[in-house]
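Below: the structure, in structure tokens.
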Amino acid sequence: MLSKFRSGVSALALPALLAGAALATPAAAQETSRLIEVTKSGTLRVCQYPMYYSISFRNPTTGEIEGIDADLSKELAKELGVELEIVESSFGTFIADIQASKCDIGMFGIGATLQRAQAVEFSKPYLRTSIYGIARKDGKVATWSDIDKPGVRAVTTLGSYVEPFMRDYLKQATLEAISPPATREGELMTNRADVVMSDYPTAIKVQSEFDWAVIIKPDEPLRVTPYSYVVPQGDQIWLNYVNLFVDTIKLDGRLDFYAEKNGLTEIVAD
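Quick note on our numbering: the sequence shown kicks off at 2 and runs consecutively.
Structure representation (structure tokens):
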């Protein structure tokens, strides 16, 4: 079904990409680019957080990682003509993992923020989302205005861009950052939290998976954030290729296809 989307990025664009980069990039930098290393090694190492609904979530039955970035990482590996290797990471560790060369790229709905951009490079965005709340239908949070009140316990993911924003945003409610093996959904389900602060992908998936869950939408879009792929700083050749991949999947329909498959059409970036 996806054959009509095949664009031949690696076959048609790679020579031109390298030739263009050669005019502006020292030879030593070209030889050490991740793009060259990946094609020579035959393996693309992708950092993914396997607990991210709709993005990169490990199916407990099959053991396979599912979601839009599980799909698109396979597409990127196909374009490069290499094997895909998933390296488990998290929002709290992906920058260190990239800097330590544990993976070649991070692909798991990573919010592009100015603070993170001091340590890694971001590709062009492929998704954009506001912050959403997730609550229990029988809980104390029914509307957005119920969240920031005394006694309300909010949780979010440790290291996510949502965490520092909500720490500043919430004046009366308490916020706890959750890290594996604990989960935000588990805290909510067992009544140790009143609301999960997250994004659109997580909100729609949790609501569809659990009959007790309800999405709490902000009155207006809140902290709209672009989601991009992450590569090491200083490798312009690799970043150019990843940006070309993002442009290509937007044009040939693959981004729309996988967004629809995973319920994310509403947040596809232009």
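Using N, Cα and C, we set each Cβ at its ideal position, and we do this for glycine too.
Note that the structure is predicted; figures quoted are calculated from it, not measured.
Pairwise C-alpha distance: residue j and residue i
i: L45; j: T114; result: 25 Å
i: S102; j: S146; result: 43 Å
i: S158; j: P202; result: Checking the sequence, you will find Thr at residue 158 rather than Ser. Approximately 14 Å, taken between the alpha carbons.
i: L24; j: G64; result: Annotation note: pLDDT 48 at L24 (below 50); position unreliable, no value reported.
i: A22; j: I238; result: Because the pLDDT of A22 is 49, which lies under 50, any placement of that residue in the model is unreliable, and the number read from its coordinates should be weighed accordingly. A22 and I238: Cα-Cα distance of roughly 6 Å.
i: A260; j: A97; result: 28 Å
i: G140; j: K150; result: 14 Å
i: L265; j: L223; result: 18 Å
i: G160; j: P61; result: 24 Å
i: M167; j: D195; result: 15 Å
Minimum Cβ-Cβ distance from residue i to chain D less than 8 Å
i: A78; result: The chain labelled as chain D is not found in the depicted structure, where only one protein chain is given.
Candidates the options: closest to residue i by CA position
i: A183; options: V156, F211 and Q116; result: V156
i: I111; options: I238, D236 and D200; result: D200
i: T272; options: L85, P219 and G235; result: Since the first residue of the chain shown is 2 and the last is 271, residue 272 is not available in this structure.
i: V207; options: T226, G187, L223 and E221; result: G187
i: P233; options: L176, Q119 and I87; result: Q119
i: V163; options: R137, Q116, I238 and S209; result: Q116
i: M108; options: Y228, I132, G43 and I148; result: Y228
i: G43; options: L223, R35, I56 and G82; result: G82
i: W213; options: V225, V88, M198 and N192; result: N192
i: G152; options: A174, Y170 and D169; result: A174
i: L245; options: G264, P126, K138 and R224; result: P126
i: G235; options: N60, D105 and I87; result: D105
i: Q49; options: E80, D72 and M198; result: D72
i: M198; options: D248, S124 and A178; result: A178
i: R1; options: G254, L189 and I250; result: Outside the displayed range of the chain (2 to 271) lies residue 1, so it cannot be described from this structure.
Secondary structure of residue i, DSSP reduced to three states
i: S42; result: helix
i: A97; result: helix
i: Q301; result: Any property of residue 301 remains undetermined from this structure, which presents the chain solely from 2 to 271.
i: G82; result: coil
i: E221; result: coil
i: E267; result: helix
i: Q173; result: coil
Near the ligand ATP: residue i beta-carbon under 7 Å from a heavy atom
i: G140; result: With respect to the ligand ATP, the structure offers nothing, as it holds no ligand at all.
Distance CB(residue i)-CB(residue j) smaller than 8 Å
i: I135; j: A78; result: no
i: V47; j: S74; result: yes
i: P181; j: S91; result: yes
i: V231; j: I69; result: no
i: S57; j: I66; result: yes
i: L36; j: E122; result: no
Just list the alpha helix (DSSP H) runs in the region 180-218, keeping only unbroken ones of 4 residues or longer that don't cross its boundaries, in chain order.
185-190 and 201-210
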